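Residue numbers (the numbering used here), protein chains in the order written: chain A, 14 to 225; chain B, 63 to 347.
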Amino acid sequence: MIELRDVHIRAGQFELANLSFLVDAGQYAVLMGRTGRGKTTILESICGLRRIDGGAILIHDTDVTDWSPADREIGYVPQDLALFPTFTVAEHLQFALRLRRQPARQIEERTKELAQLLGISHLLTRRIQGLSGGESQRVALGRALSFHPSVLLLDEPLSALDEATRNEMQALLRRVTRESGVTTLHITHSADEAEALADRFFHLHDGKLTER
Amino acid sequence: MIESSDEAPRRSSREMGRRRSEAPFFLVMGGISSSFIFLIVLLLAADMRFTSVGEFKAALLKPEIQAAFRLTILSCTVAALLSIWVATPLGYLLARYRFPGRLLIDTIVDIPIVLPPLVLGLSLLILFHQPVGGFVLDQWLRDRLGFQVTFSWPAVVLAQFSVACAFAVRTMRVTFDQINPRSEDVARTLGCTRGQAFMQVALPQAWRGMIAATTIAWARALGEFGPILVFAGATRMRTEVLSTTVFLELSIGNLDAAVAVSLLMVAMAVVVLVVLRLLGTGLTS
């Protein structure tokens, strides 16, 4: 569950005031709006990378407003993916689990399971240089899901892909999020994408959030 | 007004068979660029013409010069390692965070770069010998800790470090500026503290820059002279580094040895620069 209560964010030229919404556990919410209107800012605030100027952010009824990103346990896929250039694909999937000091066997199992789910088993030993757009996207998604977060934030995950890959990834997103029961907030400016994926539609316009 | 119709219709340059040459571009650009390259090559050629292999060998076999060579390698290495140790966290902080006083710190880092070398040496000397309520830093280090700084080898290292570190910080800052901070952000959402994100995500991406910074610091330390002369003195076999050797040999009119040592330093600098190029960092500024 993701809840924003009267959140106020000032960032550069724009200001977002009185943002409130609630996405129930397991729902797939899509947040739409034109580019440069603060959609990314909202995601960054939810995962703790940006401080908010007022209000509260709740994850599963816990107020995490002042928590560090590390403690929030939120899976985040930024628009530029920000994969780790010195890591292999497998290391991306294992990183969060290593940080949690999980036993090696468990990490191994989870890596296999994720790779299979995302169809990247043949890429595990590869470095990220030279991966295609779709492959990179899957690695970033796997990295975000690896530690079983209850909330997943996706920032325009499909915008840089060609149409065939986009359709493939849409199907994958739907399947993966259903299977894991993760609460998802997905940013896009594509109405088709929203139609294909969302249980809930939110629209950001002139700093105001409305639900359709 | 309608244009006069008796004018011949315009013909394209292809129809007229005109072909323009690119040669003037390369002649002008190359000509201007080569003047500087030519100057440096001439300098080296003149040095080499001045000395002979025999004189070169004779100079390098002098025990004073060998001692200076050893001290140079050692002090430059220590200064370079100290520099990278300090420059990595400082470069990272300057690249990643906006904090009060950041502009001031940024300026302070540049001071050793713009300060006249002699002034830096003098400032070091004053710092270590100024009594503050009966406390003199140099005396205290010597009497209490048995660590002689001024006019001894630690002074050489410190003088080299104060300049070399500034260059290393610049390089490390550019290095971290070029690394996408988003990776560290994502690492933090995955469960990293800022420290873990720095150690496990940022630092492994920075190794080329770290080698470049170490090399630049080493090369700067090699060329250091003014501060060493003032702060460490020029005692033969004790605080003499190769740049001091050139000065000492020159001052007693021994031009051959001075040129031989100069060429040795050129060779050392070339080795360092080639290593830098091979690493292909493009961080030579």
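We treat Cβ as the ideally placed atom computed from N, Cα and C, and that holds for glycine.
As the structure is a prediction and not an experimental result, all values here were calculated from the model.
| query | Whose C-beta lies closer than 6 Å to the C-beta of Lys124(B) among residues of the same chain, with five residues either side of it excluded? | reply | Result list for Lys124(B): empty, nothing under 6 Å.
| message | Please tell me whether Ala141(B) and Phe223(B) are closer than 8 Å, where the distance is taken between their beta carbons. | response | Yes; because the gap between Cβ atoms is below 8 Å, this pair is in contact.
| Is Asp53(B) close to chain A, meaning its C-beta is less than 8 Å from at least one C-beta of that chain? | Absent from the model: residue 53(B). The displayed extent of chain B is 63 to 347, so no value can be given.
| said: For Thr99(A) and Gly271(B), I'd like the C-alpha separation in whole angstroms. | reply: Cα-Cα distance, rounded: 14 Å.
| What's the gap between the Cα of Arg18(A) and the Cα of Val152(A)? | Cα to Cα, the separation comes out at about 32 Å.
| task | Report the partner residues of Ala69(A) according to the DSSP bridge assignment. | result | Ala69(A) is bridged to Arg18(A).
| field | The beta strand (DSSP E) enclosing His218(A), as first and last residue numbers | value | Taken as a continuous stretch (DSSP letters only), the beta strand (DSSP E) holding His218(A) covers 213 to 218.
| request: Tell me whether the beta-carbon of Gly153(B) lies closer than 8 Å to the beta-carbon of Val231(B). | output: Yes, the pair counts as a contact, with Cβ atoms nearer than the cut-off.
| query | If we cut at 8 Å on Cβ distances, does Gly344(B) have a partner in chain A? | reply | Any reading at Gly344(B) must be qualified, since the residue scores a pLDDT of 49, below 50, and its modelled position is unreliable; no value is offered.
| request: Kindly say whether Ile15(A), judged by its beta-carbon, lies nearer than 8 Å to any beta-carbon of chain B. | output: Chain B contact via Cβ: absent.
| said: Quick check on this structure: which residue in Cys254(B), Thr277(B), Leu155(B) has the alpha carbon closest to the alpha carbon of Ser145(B)? | reply: The shortest Cα separation from Ser145(B) among Cys254(B), Thr277(B), Leu155(B) belongs to Thr277(B).
| query | In whole angstroms, what separates the C-alpha of Val181(B) from that of Gly295(B)? | reply | Straight through space, the alpha carbons of Gly295(B) and Val181(B) are spaced by roughly 14 Å.
| task | Check each residue of the region 232 to 257 of chain B: if its Cβ is closer than 7 Å to any Cβ of chain A, include it; give the result in chain order. | result | Look at the region 232 to 257 of chain B: the residues with a C-beta under 7 Å from a C-beta of chain A are Asn242, Arg244, Ser245, Asp247, Val248, Arg250, Thr251, Leu252, Gly253, Cys254, Thr255.
| said: Tell me which residues of the region 261 to 275 of chain B have at least one Cβ-Cβ distance to chain A shorter than 7 Å, keeping chain order. | reply: Only Val263, Pro266, Gln267 from the region 261 to 275 of chain B bring a Cβ to less than 7 Å from some Cβ of chain A.
| message | Using the three-state DSSP reduction, which class does Ala24(A) fall into: helix, strand or coil? | response | Strand.
| Taking three-plus beta-carbon pairs below 8 Å as touching, is the region 312 to 324 of chain B in contact with the region 166 to 183 of chain B? | Because the criterion of three Cβ pairs below 8 Å is not met, the region 312 to 324 of chain B and the region 166 to 183 of chain B do not touch.
| query | Can you name the residues of chain B whose CB is closer than 7 Å to the CB of Ile120(A)? | reply | Neighbours of Ile120(A) in chain B, taken as residues whose beta carbon is under 7 Å from its own, are absent, since the nearest beta carbon is some 13 Å off.
| said: Here's the rule: buried if 16 or more other CB atoms are within 10 angstroms of the residue's CB, otherwise exposed. What is Gly253(B)? | reply: Residue environment for Gly253(B): buried (at least 16 other C-beta atoms within 10 angstroms of its C-beta).
| message | Contact defined as beta carbons within less than 8 Å: I believe Val36(A) pairs with Met14(A). What is the distance between those atoms, to the nearest angstrom? | response | Contact check for Val36(A) and Met14(A): beta-carbon distance about 7 Å, within the 8 Å limit, so the pair qualifies.
| query | Between which two residues does the alpha helix (DSSP H) harbouring Met234(B) extend? | reply | Where Met234(B) is concerned, the enclosing alpha helix (DSSP H) stretches over 215 to 240.
| Cut-off 7 Å between Cβ atoms - residues of its own chain near Asp200(B), not counting five sequence neighbours on either side | Within the same chain, and ignoring the five residues on either side of Asp200(B) in sequence, the residues whose Cβ sits closer than 7 Å to its Cβ are Phe190, His191, Val211, Thr212.
| Straight-line gap, Gly46(A) to Arg63(A) (C-alpha atoms, nearest Å) | C-alpha separation (whole angstroms): 20 Å.
| message | Assuming contact is defined by CB atoms lying nearer than 8 Å, are Leu131(A) and Leu167(A) in contact in what I supplied? | response | One thing to note: Leu131(A) has its Cβ no nearer than 8 Å to the Cβ of Leu167(A).
| task | Put Leu94(A) into one of helix, strand or coil per three-state DSSP. | result | In the structure shown, Leu94(A) adopts coil according to DSSP, grouped into three states.
| query | Under the three-state reduction of DSSP, which class applies to Ala128(A): helix, strand or coil? | reply | Helix at Ala128(A).
| message | Quick check: Ile55(A) and Leu29(A), are their CB atoms within less than 8 Å of each other? | response | The Cβ atoms of Ile55(A) and Leu29(A) sit closer than 8 Å to each other.
| request: Tell me whether the beta-carbon of Val321(B) lies closer than 8 Å to the beta-carbon of Thr139(B). | output: Taking 8 Å as the Cβ cut-off, Val321(B) and Thr139(B) do not qualify as a contacting pair.
| said: Helix, strand or coil, according to DSSP, for Ile133(A) in the structure here? | reply: In the structure shown, the three-state DSSP call for Ile133(A) is coil.
| field | Burial state of Pro151(B) (16 or more Cβ within 10 Å) | value | Per the 10 Å Cβ criterion, exposed.
| request: Measuring alpha carbon to alpha carbon, tell me which of Thr197(A), Ser172(A), Ser159(A) ends up nearest Thr48(A). | output: Taking the Cα of Thr48(A) as reference, the smallest distance to any Cα among Thr197(A), Ser172(A), Ser159(A) is reached at Ser172(A).
| query | So which of Pro116(A), Leu112(A), Ser163(A), Arg179(A) has the shortest CA-CA distance to Ser145(A)? | reply | Nearest option by C-alpha distance: Arg179(A).
| What does Arg113(A) touch in chain B if you count any residue whose Cβ is under 7 Å from its own? | Within 7 Å Cβ-Cβ: Gly253.
| field | Where Val303(B) falls: helix, strand or coil (DSSP) | value | Residue state, collapsed to three classes: coil.
| query | By Cβ distance below 7 Å, which residues in the same chain neighbour Leu184(B) in space, the five residues on each side in sequence not counted? | reply | Sequence-distant partners of Leu184(B) (beyond 5 residues in either direction) whose C-beta falls short of 7 Å from its own C-beta, in its chain, are Val292.
| task | Check each candidate in Met327(B), Leu203(B), Gly196(B), Thr251(B) and name the one with the smallest Cα separation from Ala157(A). | result | Minimum Cα distance to Ala157(A) is reached at Thr251(B).
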